[in-house]
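Number 24 in the UniProt record's numbering belongs to position 24 of the sequence shown; there are no gaps in the numbering.
Reviewing the structure listed below.
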Amino acid sequence: MRALAVYPIYAKDRDGPVIPLGDVRAGSHEAASATALRFLRQRALGGGIRMDCIVWLMGPDQRPVLPPRRLDNLLEQLRHEEEELRERLQPVVDEPLPPDLLEGQ
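Written out as structure tokens, the structure reads:
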């Protein structure tokens, strides 16, 4: 089993200091990124973080996993990706079922 690494999440207002928001424990950069995005979305919805601040996720080697970006832009990109995924996963309902499938019911 792969050991979990610590990925710190940071935020910075325009003129303010860098603020640690918390950290994610994950076994991969992809898992850490997904968890950090959920965390940031919850903080933004709860009003715990300004939408115009810059956020980023650092890896255990102190290199950015999610590079610094404005939170509102990051969440908007995430919303578009989720909409595209939903569209691809929706079943095709306009096509009628083949007659042999209907008879087998």
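Note that CB positions come from ideal geometry on N, CA and C, so glycine has one too.
Could you check what DSSP says for residue i in three-state terms: helix, strand or coil?
| i | result |
| --- | --- |
| P98 | coil |
| R50 | coil |
| L75 | helix |
| A3 | coil |
Near residue i, which residues of its chain fall below 7 Å by C-beta distance, leaving aside the five closest residues on each side in sequence?
| i | result |
| --- | --- |
| T35 | V24 and A26 |
| V65 | Y7, H29, A32, S33, L57, M58 and G59 |
Would you kindly check if the distance between the Cβ of residue j and the Cβ of residue i is under 8 Å?
| i | j | result |
| --- | --- | --- |
| I9 | F39 | yes |
| R50 | D13 | yes |
Given this structure, state the Cα-to-Cα distance separating residue i from residue j, to the nearest angstrom.
| i | j | result |
| --- | --- | --- |
| R69 | D15 | 15 Å |
| L74 | L89 | 23 Å |
Can you check DSSP and say which residues form a bridge with residue i?
| i | result |
| --- | --- |
| Y61 | A small correction: the amino acid at residue 61 is Asp; Tyr does not occupy that position in the sequence shown. Note: D61 sits in no beta bridge, so no partner. |
Note down, in chain order, each residue of its chain lying with its Cβ closer than 6 Å to the Cβ of residue i, except the 5 sequence neighbours on either side.
| i | result |
| --- | --- |
| residue 172 | The requested residue 172 does not occur in the structure, where the chain is confined to residues 1 to 105. |
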